[in-house]
Amino acid sequence: MTTAPEGEGQGEDHDGGPDPVLSDAARTLAQDHGIRTEQLRALGKRVVKASDVQRLIDQGLTDQGLTDQGAAAVAAGASAASEDAAVVRLSARQRAVAAVVSEAHRTIPAAFAAIAVDLTAFRAARGGAPYGLVELLVKAIAARHADFPLFFATPGADHTLTLAPAANVGVTVDVGTGLFIPVLKDAARRPIGDLTDDLMDFRVSALRQNFREDAFADEAITLSLHNEPDIILAAPIVHPGRTCVVTLCAERSEVALAEDGTPFTRPVTTVAVTYDHRYLNGRDAVRFLTAVKQDLETADAITRLAG
Numbered sequence: 001m002t003t004a005p006e007g008e009g010q011g012e013d014h015d016g017g018p019d020p021v022l023s024d025a026a027r028t029l030a031q032d033h034g035i036r037t038e039q040l041r042a043l044g045k046r047v048v049k050a051s052d053v054q055r056l057i058d059q060g061l062t063d064q065g066l067t068d069q070g071a072a073a074v075a076a077g078a079s080a081a082s083e084d085a086a087v088v089r090l091s092a093r094q095r096a097v098a099a100v101v102s103e104a105h106r107t108i109p110a111a112f113a114a115i116a117v118d119l120t121a122f123r124a125a126r127g128g129a130p131y132g133l134v135e136l137l138v139k140a141i142a143a144r145h146a147d148f149p150l151f152f153a154t155p156g157a158d159h160t161l162t163l164a165p166a167a168n169v170g171v172t173v174d175v176g177t178g179l180f181i182p183v184l185k186d187a188a189r190r191p192i193g194d195l196t197d198d199l200m201d202f203r204v205s206a207l208r209q210n211f212r213e214d215a216f217a218d219e220a221i222t223l224s225l226h227n228e229p230d231i232i233l234a235a236p237i238v239h240p241g242r243t244c245v246v247t248l249c250a251e252r253s254e255v256a257l258a259e260d261g262t263p264f265t266r267p268v269t270t271v272a273v274t275y276d277h278r279y280l281n282g283r284d285a286v287r288f289l290t291a292v293k294q295d296l297e298t299a300d301a302i303t304r305l306a307g
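The sequence shown begins at 1 in this note's numbering and counts up by one.
Shown next as C-alpha cells:
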C-alpha cells in the first residue's frame, strides 16, 4: 500500500484532509490516467482501491481526457456496431479487474510452475475438523515466509524489493458479484480456526458487497482459488505490486502404483505458482512448491499447521 501519487505532497494534511492510502493497483491506475491527489481525497476514503480509481476514470475525471486516437477508436467501434446489436457494458468491478490485468500483462514477465500434492495424509489427519484444504494451504504458504521472503515482497524502483513484515495472504473470492482479494492478516501466527471464520466472512461480504475498506490492505502474497470440480491447472496473472500468485486447483482421484506394482487410487490436487521472472527464478519456484507440498503431505506438519 502506498500514499497518493508522487509529486503532490504525499501524506501531508491539506485543507481537504490527509492523503489517502492507495493499493498498488490503484496507484498504477491513478498515475497512468492522471488522477490527482485532490480527486482521490474527495472520495472520502482512507484506503483507495483500484475500483475506486476506475470509477473516477469512467466518469472522465482525469487530466488526460480522451486522446484523439482513443476518440477515433471509440467512434470506429460505435459505427461498426449494427443498430440492433446487443451491447453489454462491463460492471465497475469488472472494469477495475480489466485495468489491473491489462497492466499486469503489459509490465510483468510471468513464468509458471505446478506440482502435484497427495492429499491422503491431509484427509486422514483432518478427520472431522472444521477446516478445509484452503485454510491449510494458507497456513503452509504463510509458514514459508521466512524461508522465501521474495515471494512475499513488493517490487520497487531501481530493481529493489520491500520485504513484508508479516505473511498476509490475499485469497480470491468470487461468488458471482465480482472478483475480490481480501487479506488474511498474519496468517502464520493465527489459529487455523480464525482463518476459517475470516474466509466465511469474506464470502458473505462478497455477496453483500460490503467489505471493510481495510479488508484489502497490506497483502504480501496472493492465493488464487480455482478449486471447482475438475479444474486441474490454472495460471492466473501476477497482480502489479506482487511477485507471485499461488494457485489451488480441484481435488481429484489419481491412479498410482504401490511398491509391489498393485494399482490404487489416491486423492491429489495441483498447487501452482505464477511468478514475476524479474525477481524469482524457476529454481526458486520449484523449491517453494516442494516445501509447501511436503507440509501438505506430512502428518506431523499438518498437525503443526492446524494446531
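All residues carry an ideal CB built from backbone N, CA and C; glycine is no exception.
Residue i: buried (16+ other C-beta within 10 angstroms of its C-beta) or exposed?
i: residue 162; result: exposed
i: residue 198; result: buried
i: residue 37; result: buried
i: residue 295; result: buried
i: residue 27; result: buried
i: residue 91; result: exposed
i: residue 88; result: exposed
i: residue 84; result: exposed
i: residue 155; result: buried
i: residue 144; result: buried
i: residue 52; result: buried
i: residue 320; result: This structure cannot speak to residue 320, because the chain is shown only from 1 to 307.
i: residue 138; result: buried
i: residue 30; result: buried
i: residue 157; result: exposed
From residue i to residue j, what does the alpha carbon distance come to, in whole angstroms?
i: residue 219; j: residue 184; result: 8 Å
i: residue 255; j: residue 130; result: 28 Å
i: residue 303; j: residue 193; result: 13 Å
i: residue 211; j: residue 181; result: 10 Å
i: residue 257; j: residue 118; result: 13 Å
i: residue 57; j: residue 103; result: 15 Å
i: residue 148; j: residue 244; result: 12 Å
i: residue 238; j: residue 121; result: 30 Å
i: residue 278; j: residue 101; result: 18 Å
i: residue 298; j: residue 115; result: 16 Å
i: residue 68; j: residue 146; result: Any reading at residue 68 must be qualified, since the residue scores a pLDDT of 46, below 50, and its modelled position is unreliable; the value itself is stated next. Their backbone Cα atoms lie some 50 Å apart in a straight line.
i: residue 174; j: residue 261; result: 43 Å
i: residue 253; j: residue 268; result: 6 Å
i: residue 167; j: residue 136; result: 14 Å
i: residue 140; j: residue 265; result: 25 Å
i: residue 134; j: residue 128; result: 15 Å
i: residue 203; j: residue 276; result: 29 Å
i: residue 229; j: residue 250; result: 5 Å
i: residue 125; j: residue 214; result: 34 Å
i: residue 20; j: residue 45; result: 7 Å
i: residue 43; j: residue 205; result: 21 Å
i: residue 172; j: residue 225; result: 6 Å
i: residue 34; j: residue 105; result: 21 Å
i: residue 291; j: residue 196; result: 23 Å
i: residue 25; j: residue 263; result: 49 Å
i: residue 227; j: residue 221; result: 18 Å
Tell me the DSSP bridge mates of residue i?
i: residue 269; result: 117
i: residue 110; result: 276
i: residue 183; result: 170
i: residue 47; result: 21
i: residue 254; result: 266
i: residue 224; result: 247
i: residue 155; result: 161
Going by C-alpha to C-alpha distance, which of the options sits closest to residue i?
i: residue 47; options: 56, 54, 23 and 30; result: 23
i: residue 280; options: 187, 109 and 167; result: 109
i: residue 240; options: 56, 20, 96 and 107; result: 107
i: residue 191; options: 293, 142, 157 and 87; result: 142
i: residue 189; options: 227, 223, 32 and 307; result: 307
i: residue 49; options: 18, 93 and 84; result: 93
i: residue 223; options: 160, 289 and 265; result: 289
i: residue 153; options: 300, 124, 160 and 164; result: 164
i: residue 293; options: 259, 247, 263 and 32; result: 247
i: residue 170; options: 216, 139, 206 and 177; result: 216
i: residue 150; options: 30, 229, 206 and 242; result: 242
i: residue 208; options: 177, 88 and 19; result: 177
i: residue 97; options: 284, 187 and 179; result: 179
i: residue 187; options: 305, 228 and 284; result: 305
i: residue 32; options: 39, 43, 206 and 99; result: 99
i: residue 18; options: 40, 172 and 138; result: 40
i: residue 95; options: 196, 123 and 54; result: 54
i: residue 112; options: 286, 34 and 25; result: 286
i: residue 200; options: 132, 259 and 300; result: 132
Item to check | the stretch 221-240 / the stretch 263-276 touching (three or more Cβ pairs under 8 Å) | outcome: yes
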